[in-house]
Structures are given as C-alpha cells and as structure tokens.
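Number of protein chains: 2
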Amino acid sequence: MTRIDHDSPATILLIDDHPLLRRGVAQLLELEDDLELAGEAGEPELGLRLAGELDPDMVLLDLNMPGMDGIATLKALREQGYAGRIVMFTVSDHEEDLVAALRSGADGYLLKDMDPDEMVRQLRQAALGRMVISESLTALLAEALRSQRNQPAAPDIHSLTQREREILRELAAGLSNKLIARKLDITEGTVKVHVKHLLKKLNLRSRVEAAVWAVQEGVDK
Amino acid sequence: MTRIDHDSPATILLIDDHPLLRRGVAQLLELEDDLELAGEAGEPELGLRLAGELDPDMVLLDLNMPGMDGIATLKALREQGYAGRIVMFTVSDHEEDLVAALRSGADGYLLKDMDPDEMVRQLRQAALGRMVISESLTALLAEALRSQRNQPAAPDIHSLTQREREILRELAAGLSNKLIARKLDITEGTVKVHVKHLLKKLNLRSRVEAAVWAVQEGVDK
DNA sequence: CGCTGCCTATCCCCTTGGAGGTAGGGGGCA
DNA sequence: TGCCCCCTACCTCCAAGGGGATAGGCAGCG
Numbered sequence: 001m002t003r004i005d006h007d008s009p010a011t012i013l014l015i016d017d018h019p020l021l022r023r024g025v026a027q028l029l030e031l032e033d034d035l036e037l038a039g040e041a042g043e044p045e046l047g048l049r050l051a052g053e054l055d056p057d058m059v060l061l062d063l064n065m066p067g068m069d070g071i072a073t074l075k076a077l078r079e080q081g082y083a084g085r086i087v088m089f090t091v092s093d094h095e096e097d098l099v100a101a102l103r104s105g106a107d108g109y110l111l112k113d114m115d116p117d118e119m120v121r122q123l124r125q126a127a128l129g130r131m132v133i134s135e136s137l138t139a140l141l142a143e144a145l146r147s148q149r150n151q152p153a154a155p156d157i158h159s160l161t162q163r164e165r166e167i168l169r170e171l172a173a174g175l176s177n178k179l180i181a182r183k184l185d186i187t188e189g190t191v192k193v194h195v196k197h198l199l200k201k202l203n204l205r206s207r208v209e210a211a212v213w214a215v216q217e218g219v220d221k
Numbered sequence: 001m002t003r004i005d006h007d008s009p010a011t012i013l014l015i016d017d018h019p020l021l022r023r024g025v026a027q028l029l030e031l032e033d034d035l036e037l038a039g040e041a042g043e044p045e046l047g048l049r050l051a052g053e054l055d056p057d058m059v060l061l062d063l064n065m066p067g068m069d070g071i072a073t074l075k076a077l078r079e080q081g082y083a084g085r086i087v088m089f090t091v092s093d094h095e096e097d098l099v100a101a102l103r104s105g106a107d108g109y110l111l112k113d114m115d116p117d118e119m120v121r122q123l124r125q126a127a128l129g130r131m132v133i134s135e136s137l138t139a140l141l142a143e144a145l146r147s148q149r150n151q152p153a154a155p156d157i158h159s160l161t162q163r164e165r166e167i168l169r170e171l172a173a174g175l176s177n178k179l180i181a182r183k184l185d186i187t188e189g190t191v192k193v194h195v196k197h198l199l200k201k202l203n204l205r206s207r208v209e210a211a212v213w214a215v216q217e218g219v220d221k
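Chains A and B are the protein sequences, given in the same order.
Just so it is clear: in the first sequence, position 90 is 90 by full-length UniProt numbering, and no numbers are missing.
Just so it is clear: in the second sequence, position 178 is 178 by full-length UniProt numbering, and no numbers are missing.
Here it is, written out as structure tokens:
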C-alpha cells in the first residue's frame with residue numbers, strides 16, 4: 001500500500017530549528033527504508049538553499065521559527081521553484097495557522113505530538129501525493145471551511161497592483177486623497193481612481209474600512 | 001532631615017498580590033519607627049476599600065496585578081477621593097509603564113529590586129511630599145520627556161467621555177456615521193458631534209486617523 | 001500586429017464627513 | 001439655587017469621498 005520497495009525511497013528535507021527534534025525525526029526515518037532523510041536545516045535560509053541543491057521529494061517544515069516564519073519559508077520555497085510536497089510540521093493547533101498554511105499551498109499539516117508510527121504512515125501518504133492533516137485538526141478544518149463559505153471574497157493584498165498597495169499604505173497612515181496625491185506627485189483624481197479600485201478589489205465599502213484592515217493586516221509598513 | 005520622631009509615623013497601605021513581598025515590606029517597615037504599615041491588600045478591590053477605611057498617608061501600589069492593573073487601580077483610588085500619596089511599586093522598568101503611571105498621577109515609581117535601605121530612604125522622601133523615582137529610571141524618564149516635547153498633544157483615550165469612546169470603537173470598526181447612529185439608536189447628527197469632539201480631543205484630523213490610531217492602540221476591543 | 005493590464009487623468013453626480021453655532025434636558029456639585 | 005458637563009438634536013456651509021464612465025501612454029505578450 002505504499003510507494004516503494006521497488007522504487008527508490010522518498011527523500012525528505014527537514015527544516016526545523018530544534019536540534020533535538022531533528023535528531024528524533026532522523027532516527028525515526030532511519031528505521032524506514034522507503035523514507036530517507038536527505039538533509040536537515042536549522043534555519044529557513046539554509047533550508048531554502050538545501051531545497052534547491054537536493055530537490056527532495058518532500059519538505060517537512062516547522063511553522064514556528066525565529067526570523068522568517070514557516071509560512072514565509074513555504075512561500076519562498078514555491079517562489080524559488082521548488083515543486084515537491086511541502087508538509088508543515090508544528091505544535092500549533094490554531095485554526096489561523098492551519099488555514100494560513102493551507103491557503104499558502106501546504107500539502108500537509110502534521111502536529112509534532114503525534115504518534116511516531118502514525119507519523120510515518122502520514123509521511124508515506126504525503127509521499128504518494130495525498131494531502132495529510134493530523135486527525136485532531138479535522139474539526140478545526142471543518143470550522144474554517146464553514147466560516148469561509150460565508151465570506152466568499154476574503155480581502156487579499158495580493159490582488160492589488162503595486163501602485164494600489166502604495167496608495168493603501170498612505171491611506172492607512174490616515175492621509176487624505178489630496179495629501180496622498182501631493183506625496184506621490186500625481187493628481188487627486190488619480191488617487192481617487194486607485195482608491196476606488198482597491199476598495200472594489202478588497203470588497204470594502206470605505207477608506208476607513210480599508211485603513212483598519214491594512215493596519216490589522218500589517219500592510220502599513 | 002525627615003518628617004517625624006516627634007510627629008506620628010507616616011501610615012502606608014500596601015497593595016500587592018505577592019504575599020512574600022508583602023511580608024518583606026512589612027518586616028522592613030517594622031524596623032522604622034517613622035513608617036507604619038497601616039494595612040495590606042492582595043487584590044486591588046480590597047485595596048480600594050482599605051484606602052477608604054484607613055485613609056493612609058501613602059499607598060504603595062503594585063503595577064502588575066491580575067485583574068485590575070495598577071494604573072486602573074491608581075485611577076480608581078483618585079476617583080474614589082483618595083488624596084494621599086500614591087507610589088507605584090513594580091518590577092517593570094519599561095518606559096511605557098513609567099510614563100503611564102506618572103501621567104495617571106502617581107507620586108512615585110520605585111523598583112522592587114532596590115536596596116532595602118534605599119527603599120526606606122525613598123519612602124521617607126515620598127512621605128515628605130517629594131516625587132520619588134528609582135535612580136536607574138532617570139535615563140528612561142529623560143527619554144520619555146524628550147520624545148514627549150516633540151508631540152505636545154499626545155492622543156489620550158482617557159480624555160474621552162464614555163460615549164465618545166463608544167463612538168470611536170464603532171468608527172474603528174469601519175462604520176459610517178449613519179451606521180453608527182443606527183447601531184447606537186441616535187441620530188446621525190449626534191454621531192457627527194461626537195466624532196467632531198473626539199477628533200478635537202485626540203488632535204486628529206479625520207476619522208481615518210482616528211480609526212488607525214484606535215486600532216493600533218487596541219481601543220477597538 | 002492587436003490585446004491586455006497598469007498608470008495616469010478628467011468629467012459628472014451624488015453622498016459623506018467635518019467645522020461652526022445653537023439649544024434643551026439631565027445629573028453632579030458648590 | 002446656579003453652574004458645568006454630558007448627551008442629545010438640529011442647522012448651515014464647504015471639503016472630501018466614492019461610483020461610473022472615458023481615454024491616452026506604455027509595457028508585455030501571443
């Protein structure tokens with residue numbers, strides 16, 4: 001029911017800042033001849049480099065790391081062209097983290113406190129191309145999906161153009177259209193156009209909503 | 001050079017949630033015949049009651065307590081008419097705490113790790129009516145004052161009335177005057193008046209600035 | 001080449017927001 | 001009692017915001 005025995009083992013790159021945990025995973029994988037730990041990284045930056053060099057079948061990625069966090073690392077991996085499976089590996093059972101990871105394109109989300117046998121089983125499934133999520137999180141996932149259904153158009157910063165993001169940043173600083181225009185050296189009318197467009201894209205109804213959203217989202221930096 | 005020996009000792013009320021620390025202060029004060037521990041309280045609520053009953057010359061007030069924090073307790077003391085000295089007593093050497101305490105009307109700010117002899121000396125000074133601040137904090141204080149000079153009218157949530165805070169909260173949620181009016185069951189004109197007033201008090205120039213400030217300040221909760 | 005997306009700009013039209021003043025009712029306080 | 005603050009409401013006047021439409025210049029792309 002697995003992938004190999006005839007095939008070559010699935011290679012795995014582990015990116016996690018806890019040395020002891022890396023040790024544990026390494027020992028676990030050594031016992032399995034269809035799973036091979038191709039490399040380890042204690043920092044996201046090294047992880048990105050190794051992913052490029054080793055091109056593993058799967059990346060096991062810690063969500064909570066100092067500096068660049070797991071989501072950012074995930075995105076960086078995809079941006080640098082890594083096409084293999086990315087499975088988040090974390091202690092966080094918070095819905096936001098789970099949702100953020102999946103929305104960012106993670107192929108799995110496993111909790112670190114899971115049973116080793118179960119862990120191996122899930123990794124095999126992931127290697128087969130199946131989405132794996134720790135069972136205890138399914139309730140959370142259902143919850144997230146349900147609340148998502150009711151707000152079809154979640155505002156997304158990425159739908160904005162460069163200029164619109166710039167306008168939004170100034171807007172979120174409390175500036176009026178007139179002041180934004182002066183600052184960016186364009187006419188007030190043009191600023192209005194950008195504001196109108198970004199409001200439409202973000203599905204918001206006023207600049208105040210946009211400003212609040214931007215601040216809460218941390219766009220204003 | 002002190003207050004007493006002829007006079008009656010200065011009475012002190014200690015409000016702090018750490019029993020051991022209260023014990024320590026009690027023993028320290030027992031050795032001084034010009035300082036008398038009039039009462040102790042492990043919770044702010046009891047402290048407020050004792051302040052009313054005992055009317056001590058001075059209140060030593062912990063800044064970090066579960067539930068109502070020190071600043072809130074300080075204000076509550078003043079609001080219930082307590083007119084004696086209030087000296088904050090804390091482990092926090094953060095500028096924000098120091099500034100908040102002083103702005104809220106504290107007559108002193110002492111660190112818990114100070115030398116016992118120094119502590120007694122400072123309390124005597126406080127009893128004399130002098131502002132006392134742990135020496136290690138003077139640099140912080142200078143810093144706070146300097147940064148304050150350049151922004152004369154720092155927005156302060158406490159200058160707002162209850163209704164204005166309520167309006168601000170809705171405003172920071174992105175609601176228009178019309179919607180706020182409907183929600184609070186008043187006319188739009190009245191909402192405008194409140195918005196106008198709170199903008200003036202906070203020295204802001206638009207509802208957008210107010211919303212951004214409120215969100216960043218965490219007023220919107 | 002034409003098509004598309006982005007940035008810029010301008011037009012009209014209507015709504016919203018903000019500054020100013022006036023004023024009545026209610027509660028606290030000297 | 002009078003005074004002051006707060007909340008409420010209404011008024012005018014003007015500035016600002018936002019929807020809709022149109023359009024030229026420019027870059028990338030099939």
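Glycine included, each C-beta is placed from N, C-alpha and C at the ideal position.
* Asked: From what residue to what residue does the alpha helix (DSSP H) around R130(A) run?
  -> Within the first sequence, numbered from 1, the residue matching residue 130(A) stands at position 130. Premise fails: R130(A) is in no alpha helix (DSSP H) and is neither H nor E.
* Could you tell me which of L77(B), P19(B), V215(B), V59(B) sits nearest to A173(B), measuring between CA atoms? => Taking the first residue of the second sequence as position 1, residue 173(B) is located at position 173. For the set L77(B), P19(B), V215(B), V59(B), the Cα lying nearest the Cα of A173(B) is the one of V215(B).
* To do: Classify P56(A) as buried or exposed, calling it buried when 16 or more other Cβ atoms lie within 10 Å of its own Cβ.
  => To locate residue 56(A), count along the first sequence from 1; it is residue 56. With 16 or more other Cβ atoms within 10 Å, it is buried.
* To do: Check each residue of the region 195-219 of chain A: if its Cβ is closer than 7 Å to any Cβ of chain B, include it; give the result in chain order.
  => Under the 7 Å Cβ criterion, the region 195-219 of chain A contributes S206, R207, V208, E209, A211, V212, V215, Q216.
* Asked: Which residues does DSSP pair with Y109(B) in a beta bridge?
  -> Numbered from its first residue, the second sequence carries residue 109(B) at position 109. BP columns for Y109(B) point to M88(B), I133(B).
* Members of the region 172-183 of chain B that neighbour chain A once the beta carbon cut-off is set at 9 Å -> Answer set for the region 172-183 of chain B: A172, A173, G174, L175, S176.
* To do: With distances taken Cα to Cα, identify the nearest neighbour of M65(A) among N177(A), P44(A), V25(A), E209(A).
  => To locate residue 65(A), count along the first sequence from 1; it is residue 65. The shortest Cα separation from M65(A) among N177(A), P44(A), V25(A), E209(A) belongs to P44(A).
* Boundaries of the alpha helix (DSSP H) in which T190(B) is found, first to last residue -> By 1-based counting over the second sequence, the position of residue 190(B) is 190. Element bounds for T190(B): 188-202.
* Tell me M58(B)'s beta-bridge partners as DSSP assigns them. => Start at 1 with the first residue of the second sequence, and residue 58(B) comes out as number 58. Its beta-bridge partners are I12(B), R85(B).
* Asked: How many angstroms separate the CA atom of L28(B) from the CA atom of L160(B)?
  -> Taking the first residue of the second sequence as 1, we reach residue 28(B) at position 28. Taking the first residue of the second sequence as 1, we reach residue 160(B) at position 160. Each residue's Cα considered, the two are about 42 Å apart.
* Just to confirm, are A10(A) and L48(A) a CB contact at a threshold of 8 Å? -> As a working mapping, residue 10(A) is identified with position 10 in the first sequence. As a working mapping, residue 48(A) is identified with position 48 in the first sequence. Their beta carbons are not under 8 Å apart, which means A10(A) does not touch L48(A) by this criterion.
* Just checking my contact of L74(A) with L61(A) at CB under 8 Å: how many whole Å lie between their CB atoms? -> Translated into positions along the first sequence, residue 74(A) becomes position 74. Translated into positions along the first sequence, residue 61(A) becomes position 61. About 6 Å separates the Cβ atoms of L74(A) and L61(A), confirming a contact at the 8 Å cut-off.
* Using DSSP with H/G/I as helix, E/B as strand and the rest coil, what is G70(A)? -> Here the question's residue 70(A) lines up with position 70 in the first sequence. The three-state secondary structure of G70(A), taken from DSSP, is helix.
* **Range covered by the beta strand (DSSP E) that runs through A41(B)** => Position 41 of the second sequence, counted from the first residue, corresponds to residue 41(B). From DSSP, the beta strand (DSSP E) with A41(B) extends over 35-41.
* Asked: Nearest to Y210(B) by alpha carbon, out of E166(B), K183(B), T187(B), D113(B)?
  -> Sequence index remark: in the second sequence, residue 210(B) carries index 210 (1-based). The residue you asked about is not Tyr; residue 210(B) is Ala in the sequence shown. Closest option to A210(B), judged by alpha-carbon separation, among E166(B), K183(B), T187(B), D113(B): E166(B).
* Inter-residue Cα distance where the pair is V193(B) and L175(A) -> Mapped onto the second sequence, residue 193(B) falls at position 193. Mapped onto the first sequence, residue 175(A) falls at position 175. When the Cα atoms are used, V193(B) and L175(A) turn out to be separated by approximately 22 Å.
* P19(A): CB within 7 Å of a non-hydrogen atom of the ligand SAM -> Annotation note on the ligand SAM: not contained in the displayed structure, which lists no ligands.
* Are A127(B) and M58(B) closer than 8 Å when you measure CB to CB? -> Locating residue 127(B) in the second sequence gives position 127, where the first residue counts as 1. Locating residue 58(B) in the second sequence gives position 58, where the first residue counts as 1. Cβ atoms of A127(B) and M58(B): closer than 8 Å.
* If we call anything under 8 Å between Cβ atoms a contact, is K112(B) one with L198(B)? -> By one-based count along the second sequence, residue 112(B) stands at place 112. By one-based count along the second sequence, residue 198(B) stands at place 198. The answer is no: Cβ separation not under 8 Å.
* Asked: What are the start and end residues of the alpha helix (DSSP H) that includes N177(A)?
  -> Translated into the one-based positions of the first sequence, residue 177(A) becomes position 177. Segment 177-184, the alpha helix (DSSP H) holding N177(A).
* To do: Note the first and the last residue of the continuous alpha helix (DSSP H) segment covering I167(A).
  => Taking the first residue of the first sequence as position 1, residue 167(A) is located at position 167. Run containing I167(A): 162-172, per the alpha helix (DSSP H) assignment.
* To do: Drop a sphere of 10 angstroms on the beta-carbon of S8(B), count the other beta-carbons inside from all chains shown, and report buried for 16 or more, exposed for fewer.
  => As a position in the second sequence, residue 8(B) is number 8, starting the count at 1. Exposed is the call here.
* **Three-state secondary structure assigned by DSSP to H94(B)** => Within the second sequence, the letter at position 94 stands for residue 94(B). Residue state, collapsed to three classes: coil.
* To do: Answer with buried or exposed for G84(A), where buried requires no fewer than 16 other C-beta atoms within 10 angstroms of its C-beta.
  => One-based indexing of the first sequence puts residue 84(A) at position 84. Its Cβ being crowded by 16 or more others within 10 Å, G84(A) is buried.
* DSSP state of M119(B), grouped into three classes? -> Stepping through the second sequence from its first residue, residue 119(B) is reached at position 119. Secondary structure at M119(B): helix, using DSSP grouped into helix, strand and coil.
* Would you report the Cα separation of R121(A) and N203(A), rounded to the nearest angstrom? -> As a working mapping, residue 121(A) is identified with position 121 in the first sequence. As a working mapping, residue 203(A) is identified with position 203 in the first sequence. Their backbone Cα atoms lie some 42 Å apart in a straight line.
* Cβ pair N177(B), E188(B) closer than 8 Å -> For the purposes of this step, residue 177(B) is identified with residue 177 of the second sequence, where counting begins at 1. For the purposes of this step, residue 188(B) is identified with residue 188 of the second sequence, where counting begins at 1. Yes, they are a contact pair.
* Count the other CB atoms, across all protein chains shown, that sit within 10 Å of the CB of A26(B); report buried if there are 16 or more and exposed otherwise. => Working through the second sequence from its first residue, we reach residue 26(B) at position 26. Exposed is the call here.
* Alpha-carbon to alpha-carbon, H94(A) and S136(A) -> Against the first sequence, residue 136(A) aligns to sequence position 136. Against the first sequence, residue 94(A) aligns to sequence position 94. Answer to the nearest angstrom: the Cα atoms are 11 Å apart.
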